[in-house]
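Remarks on the structure that follows.
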Amino acid sequence: MKESTNTVLAIDVAKAELVVFDGRSTTTVPNDRRSIRTLLKAHRERLLVCEPTSTHHRELVHEAHKLGMGVCLVNPRDAGCYRESRSFRAKTDVVDAVALHSFTVKHCDELRRWSPPSEELVRLRTLITARKTAVTHRASLTQAMGRMDEFRPVREELNRLVASLDAQIETIVRPYEEYSILRSIPGIGPVSATTTACAMRTCTFESADALVAYAGLDLRVRDSGSFKGRRRLTKRGDPVLRWCLVMAGFSFLQSGIGKPIDDDLKAKGRHRVERGVIAARKLLRLAHHLCERREHFDPQKFRWRVDTNT
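Just so it is clear: in the sequence shown, position 108 is 140 by our numbering, and no numbers are missing.
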């Protein structure tokens with residue numbers, strides 16, 4: 033069922049301002065709490081739609097949820113592809129808001145209503161992202177300046193920062209049942225277990241396929257007639273979760289239970305990254321299965337089966 037054009041409020045979010053399209057006219061308001069509350073109170077019967085934009089959209093969607101409004105967050109890639117398909121002649125904030133409104137009216141049934149995660153999960157997600165950033169920059173700086181004496185205090189400070197983040201993360205996730213289950217799976221360490229547990233608590237996944245798609249580890253298939261296109265990752269989901277799982281996949285293939293599997297995939301011509309991604313996808317499906325049944329990993333029950341499309 034399509035939404036009426038008069039029941040959707042589409043907003044293009046920027047750091048300083050919000051461009052609002054209500055189906056008839058466009059207005060621009062500052063992106064601050066007072067202006068947001070005034071705007072939403074005038075449209076509280078509508079469905080609010082926007083794209084996630086760093087952290088700039090958080091105040092808006094939380095205030096809308098407090099007022100009882102329906103809220104949808106649209107994947108920027110979907111909105112962008114829709115805008116291009118409509119042959120808009122320009123790319124401006126106003127055009128983005130109009131295109132987002134049109135997209136929502138036509139595809140409302142396919143959009144999932146947003147609900148706010150708990151403050152604890154928001155904090156956990158922030159710590160995970162900060163740790164990923166710190167580790168990435170530490171590796172880059174070490175590679176560029178690792179032999180310089182001047183870099184030593186910087187490296188030590190970065191090590192302390194990562195250790196502090198790890199301690200804060202562990203305090204939050206240690207009571208989670210999902211965390212202990214995930215840690216029982218070979219290859220899944222503290223970081224990948226934390227990231228996966230956070231995802232499982234943030235969203236409800238009806239199937240393992242949905243969780244794989246959320247991580248962007250599902251395959252894009254492009255076939256037409258006799259043409260069989262190369263399978264590629266969609267990479268549409270959470271990039272931090274995807275990165276952690278691929279690293280876990282590499283670790284799994286080097287473990288005792290995974291080494292024969294790695295040798296088998298290598299014999300089939302799979303290169304290293306391919307093998308890591310295949311293992312990551314298998315681990316994520318296994319994690320969903322075990323967490324759904326509240327069971328720890330049992331190597332006696334483990335059977336490796338790879339989809340022929342992988």
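C-beta: ideal position from N, C-alpha, C; glycine also.
Length of the line joining the Cα atoms of residue i and residue j
i	j	result
M33	T136	Note that M33 scores a pLDDT of 46, beneath 50, so its modelled location is shaky; the value from the coordinates is reported in the next line. Answer to the nearest angstrom: the Cα atoms are 11 Å apart.
S119	L159	40 Å
T227	C276	7 Å
R252	K73	42 Å
T340	V278	Residue confidence for T340 is low, a pLDDT of 45 falling below 50, so the modelled location carries little weight; the figure read from the coordinates is stated next. Their backbone Cα atoms lie some 19 Å apart in a straight line.
A319	L156	20 Å
I217	H328	8 Å
I43	A129	5 Å
G112	D295	42 Å
E306	L265	10 Å
K47	F183	35 Å
H139	Q200	40 Å
R317	E238	12 Å
R121	V127	9 Å
K298	G281	14 Å
A311	F284	7 Å
V186	T174	10 Å
D203	G221	At residue 203 the sequence reads Thr, which differs from the Asp that was named. Rounded to the nearest angstrom, the two C-alpha atoms are 16 Å apart.
Y114	T39	20 Å
A176	L71	49 Å
T262	A242	What sits at residue 262 in the sequence shown is Arg, not Thr. Cα to Cα, the separation comes out at about 22 Å.
A240	T59	42 Å
K333	L315	14 Å
D355	V223	Shown here, the chain extends from 33 to 342; a query on residue 355 therefore has no answer.
V93	P331	44 Å
S134	K123	15 Å
G219	H97	39 Å
E49	T85	12 Å
L41	P148	19 Å
T168	P207	28 Å
Cβ pair residue i, residue j closer than 8 Å
i	j	result
L79	G102	yes
C104	V45	no
V244	R313	yes
E209	R304	no
L349	A166	Lying before the first or after the last residue shown, residue 349 is absent from the chain, which here runs from 33 to 342.
D270	G248	yes
E95	R76	no
L99	I213	no
Y211	A229	yes
V194	R170	yes
L153	T236	no
V272	K164	yes
R268	R109	yes
R215	A231	no
Residue burial classification, residue i (beta-carbon count within 10 angstroms, cutoff 16)
i	result
S57	exposed
R274	buried
S172	exposed
G178	exposed
L132	buried
D181	exposed
D250	buried
S287	exposed
S150	exposed
A196	Note on residue identity: the sequence assigns Ser, not Ala, to residue 196. So S196 counts as exposed.
S117	exposed
S67	exposed
V106	buried
Query raised in the report: For the 8 Å Cβ check, are there 3 or more pairs between the stretch 48-62 and the stretch 138-146?
Result: no
Query raised in the report: Using 8 Å as the threshold, is the stretch 250-258 in touch with the stretch 287-294, meaning 3 or more CB pairs across them?
Result: no
**Report entry** Residue ranges of each alpha helix (DSSP H) within the stretch 80-166, 4 or longer
**Finding:** 90-98, 108-117 and 125-139
Requested in this report: Taking 8 Å as the threshold, find out whether the stretch 62-70 comes into contact with the stretch 82-95 through three or more Cβ pairs.
Outcome: yes
Query - Continuous alpha helix (DSSP H) assignments of at least 4 residues falling wholly in the stretch 232-296 - result: 240-246 and 271-286
Query - Segments assigned alpha helix (DSSP H), at least 4 residues, entirely inside the stretch 181-238 - result: Correct list: 184-205, 209-215 and 222-234.
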